[in-house]
Amino acid sequence: APSAKSLRLQFTYTPSDDGTDENLLIFLHGLGDTLRPFTALARSLKLPQTACLVLQAPAQIPLLDAPAFQWYPSFDVLTGDRLAHPDPSPALDALDNVLDVLMRECGWRPARVHLFGFAQGGSVALEVALRWWKARKTPLASVVSICGPLLSFPSTGTEKCPTPVLYFHRPQPFSAPSKDVSFLGKAFSSVKELQHAGGGEAMPRSRDEWEGVMRFWSERLSRRQFRAGEAGVYEVLSG
182 APSAKSLRLQ FTYTPSDDGT DENLLIFLHG LGDTLRPFTA LARSLKLPQT
232 ACLVLQAPAQ IPLLDAPAFQ WYPSFDVLTG DRLAHPDPSP ALDALDNVLD
282 VLMRECGWRP ARVHLFGFAQ GGSVALEVAL RWWKARKTPL ASVVSICGPL
332 LSFPSTGTEK CPTPVLYFHR PQPFSAPSKD VSFLGKAFSS VKELQHAGGG
382 EAMPRSRDEW EGVMRFWSER LSRRQFRAGE AGVYEVLSG
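Set out below in structure tokens:
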């Protein structure tokens with residue numbers, strides 16, 4: 182497990198239940214949350230051969246008594262309104278350091294590192310994967326973003342990041358097609374979209390809503406060879 186001093190963020194680390202840490206799944210919570218609910222989620226998923234690292238955003242939201250964190254400044258300090266065009270640089274710098282520590286000190290390979298983010302955390306996950314690829318030309322294993330669109334506006338014609346992306350969102354009924362998916366398609370070469378009812382930002386709630394996410398992971402998570410009689414990743418996830 183990484184050290185708190187190296188990561189510079191609060192975190193929880195849960196090794197795989199089966200004792201084989203072949204993959205690392207990093208969780209990024211949404212605006213105003215903490216790492217606690219996502220630590221519980223990570224432990225409940227019990228993904229085979231997958232260790233889970235749940236990170237807490239670096240900045241406390243000002244003027245709130247309860248613990249509530251943000252990945253980057255999200256509110257106007259004078260009015261309290263949400264910023265229309267926030268700068269995610271603090272979060273991207275923090276996550277760049279996390280990934281660097283995981284690769285350099287802990288021996289993880291980019292092809293074994295997966296990201297999962299909700300809302301603001303999903304946007305950060307997408308931007309970090311894109312930035313990592315542009316800087317190093319070595320893609321991360323996958324990104325799942327729940328209701329978190331890209332913050333940047335990729336231009337047509339630039340080389341696309343090969344990291345596979347799953348974008349889960351809840352369009353408003355009768356709304357026009359989302360531009361978010363179009364932007365993702367300009368930045369990433371492999372984008373799968375999952376639409377569910379409800380509108381707004383919300384995590385998957387039911388087995389049906391989780392099914393597409395689990396199937397995506399079953400196709401992306403690496404696994405060591407099993408001996409005869411042992412189950413593979415897809416069977417474990419879908420059984």
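Residue numbers for the sequence shown follow the working numbering, so the first one is 182 and each next one is one higher.
Heads up, the beta-carbon is just placed ideally off N, CA and C, and yes, glycines get one too.
Being a predicted model, the structure only gives us computed values, none of them experimental.
Cutting at 6 Å between CB atoms, please list the residues of its own chain near residue i, excluding the five before and the five after it.
{"i": "serine 370", "result": "Lys341 and Pro343"}
{"i": "serine 197", "result": "Gln230, Thr231 and Ala232"}
{"i": "alanine 240", "result": "Gln251"}
Can you give me the C-alpha to C-alpha distance between residue i and residue j, rounded to a whole angstrom?
{"i": "valine 258", "j": "alanine 300", "result": "21 Å"}
{"i": "glycine 413", "j": "methionine 395", "result": "With a pLDDT of only 48 at glycine 413, under the threshold of 50, the placement of this residue in the model should not be trusted; the figure read from the coordinates follows. Going by the C-alpha atoms only, they are around 14 Å apart."}
{"i": "alanine 184", "j": "glutamate 392", "result": "A small correction: the amino acid at residue 184 is serine; alanine does not occupy that position in the sequence shown. Serine 184 and glutamate 392: Cα-Cα distance of roughly 33 Å."}
{"i": "aspartate 214", "j": "alanine 247", "result": "10 Å"}
{"i": "aspartate 199", "j": "arginine 405", "result": "12 Å"}
{"i": "lysine 318", "j": "arginine 312", "result": "10 Å"}
{"i": "alanine 316", "j": "leucine 332", "result": "18 Å"}
{"i": "phenylalanine 141", "j": "glycine 329", "result": "With the chain represented from 182 up to 420, any question about residue 141 goes unanswered, as that position is not in the structure."}
{"i": "alanine 275", "j": "valine 324", "result": "17 Å"}
{"i": "leucine 234", "j": "phenylalanine 192", "result": "7 Å"}
{"i": "histidine 295", "j": "alanine 249", "result": "25 Å"}
{"i": "isoleucine 327", "j": "alanine 182", "result": "26 Å"}
{"i": "phenylalanine 219", "j": "alanine 238", "result": "12 Å"}
{"i": "phenylalanine 208", "j": "alanine 272", "result": "14 Å"}
{"i": "glycine 211", "j": "aspartate 361", "result": "18 Å"}
{"i": "leucine 347", "j": "valine 279", "result": "22 Å"}
{"i": "glutamate 400", "j": "arginine 189", "result": "32 Å"}
{"i": "serine 356", "j": "alanine 310", "result": "29 Å"}
{"i": "proline 291", "j": "proline 320", "result": "6 Å"}
{"i": "tryptophan 314", "j": "glycine 302", "result": "18 Å"}
{"i": "methionine 284", "j": "aspartate 277", "result": "11 Å"}
Within 10 angstroms of its Cβ, does residue i collect 16 or more other Cβ (buried), or is it exposed?
{"i": "glutamine 251", "result": "buried"}
{"i": "proline 345", "result": "buried"}
{"i": "leucine 418", "result": "Low confidence applies here, because leucine 418 scores a pLDDT of 39, under 50, leaving its location unreliable; read the following figure in that light. By the neighbour-count rule (16 or more Cβ atoms within 10 Å), leucine 418 is buried."}
{"i": "serine 387", "result": "exposed"}
{"i": "threonine 195", "result": "buried"}
{"i": "proline 385", "result": "buried"}
{"i": "phenylalanine 297", "result": "buried"}
{"i": "glycine 338", "result": "exposed"}
{"i": "aspartate 389", "result": "exposed"}
{"i": "proline 358", "result": "exposed"}
{"i": "threonine 260", "result": "exposed"}
{"i": "leucine 223", "result": "The sequence given here has alanine at residue 223, not leucine. Label assigned to alanine 223: buried."}
{"i": "glutamine 426", "result": "With the chain covering 182 to 420 only, the question about residue 426 has no answer from this structure."}
{"i": "leucine 244", "result": "exposed"}
{"i": "glycine 288", "result": "exposed"}
{"i": "alanine 221", "result": "exposed"}
{"i": "serine 225", "result": "exposed"}
So who's on the other strand from residue i, going by DSSP bridges?
{"i": "leucine 206", "result": "Cys233 and His295"}
{"i": "tyrosine 348", "result": "Ser326 and Glu374"}
{"i": "alanine 240", "result": "Gln251"}
{"i": "arginine 263", "result": "Phe256"}
{"i": "cysteine 287", "result": "Beta-bridge pairing links cysteine 287 to no other residue."}
{"i": "aspartate 389", "result": "Partner(s): none; aspartate 389 has no beta bridge."}
{"i": "aspartate 214", "result": "Phe250"}
{"i": "threonine 319", "result": "DSSP output for threonine 319 lists no bridge partner at all."}
{"i": "threonine 201", "result": "DSSP, once it has assigned bridges, lists no residue as partnering threonine 201."}
{"i": "phenylalanine 369", "result": "Cys342"}
{"i": "threonine 193", "result": "Val235"}
Under 7 Å Cβ to Cβ from residue i, same chain only, skipping five residues before and after it: list those, please.
{"i": "serine 187", "result": "Val282 and Glu286"}
{"i": "arginine 293", "result": "Glu203, Asn204, Leu205, Ala322 and Ser403"}
{"i": "threonine 201", "result": "Gln230 and Arg405"}
{"i": "glutamate 374", "result": "Tyr348 and Val362"}
If I measure Cβ to Cβ from residue i and keep anything under 8 Å in the same chain, skipping five residues before and after, which residues do I get?
{"i": "serine 336", "result": "Lys367"}
{"i": "proline 269", "result": "Trp252, Tyr253, Ser304, Val305, Glu308 and Leu332"}
Practice problem: Would you check if the region 223 to 239 and the region 261 to 268 touch, i.e. whether three or more CB-CB distances between them fall below 8 Å? | Solution: Three or more beta-carbon pairs separated by less than 8 Å are not found between the region 261 to 268 and the region 223 to 239, which leaves the two stretches without contact.
Exercise. Could you say if the region 375 to 384 and the region 347 to 364 meet the contact criterion of at least three C-beta pairs nearer than 8 Å?
Key: Judged by Cβ distances under 8 Å, the region 375 to 384 makes contact with the region 347 to 364, as three or more pairs qualify.
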